[in-house]
Amino acid sequence: LTMASYHWVVLVLACTCALSGALAARDLADDPSMAARHEQWMGKYGRVYSDAPEKARRLEVFKANVAFIESTNAGNSKFWLEANQFADITEDEFRAIHTGYKPAAAADKGRSTGFRYANASLDDLPASVDWRTNGAVTPVKDQGQCGTHYALR
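For the sequence shown, the positions run 1 to 153 when our numbering is used.
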């Protein structure tokens, strides 16, 4: 290859990459087939919403998640994402439902000012404490296919 043809090939490759990136990052919110795609997804995963506003909100979350999936898949990753049963929930909802994660605002709501050892004596302490009944320990959570919950029993 001559130097001029080499530059031409590089220019064509750069334009091709830029065009494919632009097509992959198209605005999914305006895609008329996105509602149909959401309906198909709902059927596949048996999702039913309580009312039209909830369905509209979940469609917006679905669109945002699909946009993230497609932009990630358009990149140079060694993995591939796809819309699964969690495609209509936000990251915070996923964490709250499946990891026991509680946002800082929710965690601080019922918190007392703290425990003080002043005026405490051994005679006032109970012989035993079941922390499960006091809400300090939670039941074993469903970790899905992770399997680590068996080690914590």
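Where a beta carbon is used, it is the ideal one built from N, C-alpha and C, also for glycine.
All of these numbers come straight from a predicted model, not from anything done at the bench.
*Using DSSP with H/G/I as helix, E/B as strand and the rest coil, what is S50?*
coil
*Distance between A67 and E82 (C-alpha atoms, nearest Å)*: 11 Å
*Which one of A127, A52, L59 has the shortest CA to CA distance from A36?*
L59
*Any beta-carbon of chain D closer than 9 Å to the one on W80?*
Judged by its chain identifiers, the structure shown contains no chain D, having just a single protein chain.
*Inter-stretch contact (C-beta, 8 Å, three-pair minimum) for the stretch 40-55 and the stretch 77-95*: yes
*Cα separation between A136 and N84?*
33 Å
*Following the continuous alpha helix (DSSP H) through D92, name the residue where it begins and the one where it ends.*
91-98
*From what residue to what residue does the alpha helix (DSSP H) around R37 run?*
33-45
*Beta-carbon proximity of G100 to K141, cut-off 9 Å*: yes
*F62 to K78, Cα distance in whole Å?*
24 Å
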